[in-house]
Amino acid sequence: MKRIYLLASALTLVFASCQKSSEETVEETMVNQQETFALADDQCGTMGVLDEKIAENPELVAKMAAVEEHTQKALSNGWTKRLAADGKIEIPIVFHVLYNSADENIPLSQLQDQVTALNEDFSMNNPGRNTIPAEFAAVEANIGVRFVLEDVIRVKTKKRQWRPDDSMKFSSSDGSDVVNPQEFLNIWVVSNMPYRGGNILGYAQFPGGSWATDGVVMDHRFTGTTQYSTGRTATHEVGHWLNLRHIWGDGGCGATDYVADTPDSDAASRGCPTYPTVNCGTADMTMNFMDYSDDPCLNMFTEGQKSRMLSVFANGGFRATMAD
Numbered sequence: 013m014k015r016i017y018l019l020a021s022a023l024t025l026v027f028a029s030c031q032k033s034s035e036e037t038v039e040e041t042m043v044n045q046q047e048t049f050a051l052a053d054d055q056c057g058t059m060g061v062l063d064e065k066i067a068e069n070p071e072l073v074a075k076m077a078a079v080e081e082h083t084q085k086a087l088s089n090g091w092t093k094r095l096a097a098d099g100k101i102e103i104p105i106v107f108h109v110l111y112n113s114a115d116e117n118i119p120l121s122q123l124q125d126q127v128t129a130l131n132e133d134f135s136m137n138n139p140g141r142n143t144i145p146a147e148f149a150a151v152e153a154n155i156g157v158r159f160v161l162e163d164v165i166r167v168k169t170k171k172r173q174w175r176p177d178d179s180m181k182f183s184s185s186d187g188s189d190v191v192n193p194q195e196f197l198n199i200w201v202v203s204n205m206p207y208r209g210g211n212i213l214g215y216a217q218f219p220g221g222s223w224a225t226d227g228v229v230m231d232h233r234f235t236g237t238t239q240y241s242t243g244r245t246a247t248h249e250v251g252h253w254l255n256l257r258h259i260w261g262d263g264g265c266g267a268t269d270y271v272a273d274t275p276d277s278d279a280a281s282r283g284c285p286t287y288p289t290v291n292c293g294t295a296d297m298t299m300n301f302m303d304y305s306d307d308p309c310l311n312m313f314t315e316g317q318k319s320r321m322l323s324v325f326a327n328g329g330f331r332a333t334m335a336d
């Protein structure tokens with residue numbers, strides 16, 4: 013996912029309160045200056061949000077364990093080999109565009125660009141794939157999933173920023189309610205999301221969570237093709253939505269992402285690393301969509317990741333209805 017540290021003063025960085033407050037005054041002052049847009053250490057908020065959800069509802073652990081048990085059974089029994097043989101698992105997307113200012117009400121063309129980027133990445137047509145080193149090209153995968161734009165819901169909201177707490181997923185909190193999540197991928201596009209002392213670009217809900225909050229949330233500046241993005245943030249977050257973990261396993265050497273053909277690493281990559289970048293005794297797969305490298309340097313999924321993602325569509329899988 014592309015990391016942007018400086019945003020122009022035209023980008024609105026204000027708090028959500030409808031009433032004037034000292035915090036809001038500080039933020040409005042920042043709008044009139046060129047200030048640093050600091051990303052949280054986890055520029056993808058998925059794992060942090062998961063921790064919070066588990067703290068709120070410990071039963072989520074058992075639900076996700078059941079999803080993982082099904083995933084391992086699907087892999088060991090070869091169920092995924094019967095899926096997407098013609099490359100036509102089709103996932104319709106419902107975008108919820110929540111905007112306070114006109115620049116946040118992003119145009120249809122930007123959303124269409126995002127769908128195009130997803131289709132490139134999930135069909136092995138990423139424009140940068142010719143740079144993938146030979147040792148990793150051997151496991152590069154065409155996922156066999158196609159995305160289509162189903163609908164765009166636009167909501168004028170009083171909020172100028174959102175916490176990654178799923179409040180944007182409910183009309184009762186000035187957001188937009190999920191639409192048929194067992195058939196559609198819901199993507200909420202919002203203004204900036206402060207988190208852990210910085211801002212995150214997006215986050216996703218893993219299989220096993222509540223259907224009422226199922227989907228992906230994206231900062232509007234990193235949705236589709238913009239001056240800050242080529243659409244790979246959404247690819248990363250949809251990977252989580254399809255049960256992929258970060259490629260470094262969110263830990264040091266030996267931490268697992270539950271995929272055999274992605275090498276160990278000790279941390280997320282930053283920028284556009286030069287190959288080979290070696291950690292844990294092997295070259296890092298810094299170009300994998302589930303790393304944190306900049307957008308132009310993210311180019312591939314692996315066969316192991318493909319099998320893991322397709323497992324959720326197999327009979328009895330959490331997203332099986334989408335493959336019917």
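Heads up: the sequence shown begins at 13 in the numbering used here, then just goes up one per residue.
The beta-carbon is built from N, C-alpha and C at its ideal position, and this holds for glycine as well.
From a predicted model like this one, the values you see are computed outputs, not experimental measurements.
Using the rule of at least 16 other Cβ atoms within 10 Å of the residue's Cβ for burial, across every protein chain shown, is residue i buried or exposed?
{"i": "threonine 37", "result": "Low per-residue confidence applies at threonine 37: pLDDT is 34, beneath 50, and the placement is therefore not dependable enough to give any value."}
{"i": "serine 184", "result": "exposed"}
{"i": "tryptophan 91", "result": "buried"}
{"i": "leucine 120", "result": "exposed"}
{"i": "aspartate 276", "result": "buried"}
{"i": "asparagine 142", "result": "exposed"}
{"i": "valine 61", "result": "buried"}
{"i": "isoleucine 212", "result": "buried"}
{"i": "alanine 145", "result": "At residue 145 the sequence reads proline, which differs from the alanine that was named. Proline 145 is exposed by the Cβ-count criterion."}
{"i": "tryptophan 200", "result": "buried"}
{"i": "arginine 282", "result": "exposed"}
{"i": "valine 127", "result": "buried"}
{"i": "tryptophan 253", "result": "buried"}
{"i": "arginine 100", "result": "One detail in the question is off: residue 100 reads as lysine in this sequence, not arginine. It counts as exposed."}
{"i": "alanine 67", "result": "exposed"}
{"i": "alanine 74", "result": "exposed"}
{"i": "asparagine 300", "result": "buried"}
{"i": "glycine 266", "result": "exposed"}
{"i": "serine 113", "result": "exposed"}
{"i": "proline 70", "result": "exposed"}
{"i": "glutamine 239", "result": "exposed"}
{"i": "lysine 170", "result": "exposed"}
{"i": "alanine 246", "result": "buried"}
{"i": "valine 109", "result": "buried"}
Since residue i sits in a beta bridge, which residues does DSSP pair it with?
{"i": "tyrosine 207", "result": "Gly210"}
{"i": "valine 79", "result": "For valine 79, which the question treats as bridged, DSSP gives no partner whatsoever."}
{"i": "alanine 182", "result": "Contrary to the premise, residue 182 reads as phenylalanine rather than alanine in this sequence. Phenylalanine 182 pairs with nothing; no bridge assigned."}
{"i": "tyrosine 215", "result": "Val229"}
{"i": "serine 241", "result": "Thr238"}
{"i": "glutamate 195", "result": "Glutamate 195 is not bridged to any residue."}
{"i": "phenylalanine 134", "result": "According to DSSP, phenylalanine 134 bridges with nothing at all."}
{"i": "asparagine 142", "result": "For asparagine 142, which the question treats as bridged, DSSP gives no partner whatsoever."}
{"i": "phenylalanine 107", "result": "Val164, Ile199"}
{"i": "cysteine 309", "result": "Answer by DSSP bridge pairing: none, since cysteine 309 is not bridged."}
{"i": "valine 290", "result": "Ala295"}
{"i": "valine 157", "result": "Ile101"}
{"i": "cysteine 56", "result": "Gly214"}
With DSSP collapsed to three states, give me the class of residue i.
{"i": "glutamate 162", "result": "strand"}
{"i": "tryptophan 174", "result": "coil"}
{"i": "alanine 149", "result": "helix"}
{"i": "serine 323", "result": "helix"}
{"i": "histidine 258", "result": "coil"}
{"i": "threonine 128", "result": "helix"}
{"i": "threonine 333", "result": "helix"}
{"i": "threonine 298", "result": "coil"}
{"i": "methionine 89", "result": "One point to set straight first is that residue 89 is asparagine, not methionine, in the sequence displayed. The answer is coil: DSSP assigns asparagine 89 none of H, G, I, E or B."}
{"i": "isoleucine 118", "result": "coil"}
{"i": "glutamate 40", "result": "Any answer about glutamate 40 is weak, because its pLDDT of 36 lies below 50 and its placement is not dependable; what the coordinates show is given next. If DSSP states are grouped into helix, strand and coil, glutamate 40 belongs with the helices."}
{"i": "valine 61", "result": "helix"}
{"i": "alanine 101", "result": "Before going on, a small fix: residue 101 reads as isoleucine here, not alanine. In this structure, isoleucine 101 counts as strand in the three-state DSSP scheme."}
{"i": "threonine 268", "result": "coil"}
{"i": "valine 190", "result": "coil"}
{"i": "threonine 314", "result": "strand"}
{"i": "alanine 279", "result": "coil"}
{"i": "glycine 221", "result": "coil"}
{"i": "glycine 251", "result": "helix"}
Are residue i and residue j close, meaning C-beta to C-beta below 8 Å?
{"i": "arginine 158", "j": "asparagine 131", "result": "yes"}
{"i": "glycine 243", "j": "proline 193", "result": "no"}
{"i": "histidine 82", "j": "glycine 236", "result": "no"}
{"i": "phenylalanine 218", "j": "isoleucine 105", "result": "no"}
{"i": "glycine 214", "j": "valine 229", "result": "yes"}
{"i": "alanine 216", "j": "valine 190", "result": "no"}
{"i": "histidine 232", "j": "methionine 302", "result": "no"}
{"i": "threonine 314", "j": "valine 151", "result": "yes"}
{"i": "cysteine 284", "j": "cysteine 309", "result": "yes"}
{"i": "valine 271", "j": "glycine 316", "result": "yes"}
{"i": "tyrosine 304", "j": "glycine 57", "result": "no"}
{"i": "valine 164", "j": "serine 188", "result": "no"}
{"i": "aspartate 186", "j": "threonine 225", "result": "no"}
When every heavy atom of the ligand ATP is checked, does at least one fall within less than 7 Å of the C-beta of residue i?
{"i": "isoleucine 212", "result": "In terms of ligand content, the structure shown is empty, and the ligand ATP therefore cannot be addressed."}
When you compare the CB of residue i with every CB in chain B, is at least one pair closer than 8 Å?
{"i": "valine 190", "result": "In summary, chain B is missing from the structure at hand, where a single protein chain is found."}
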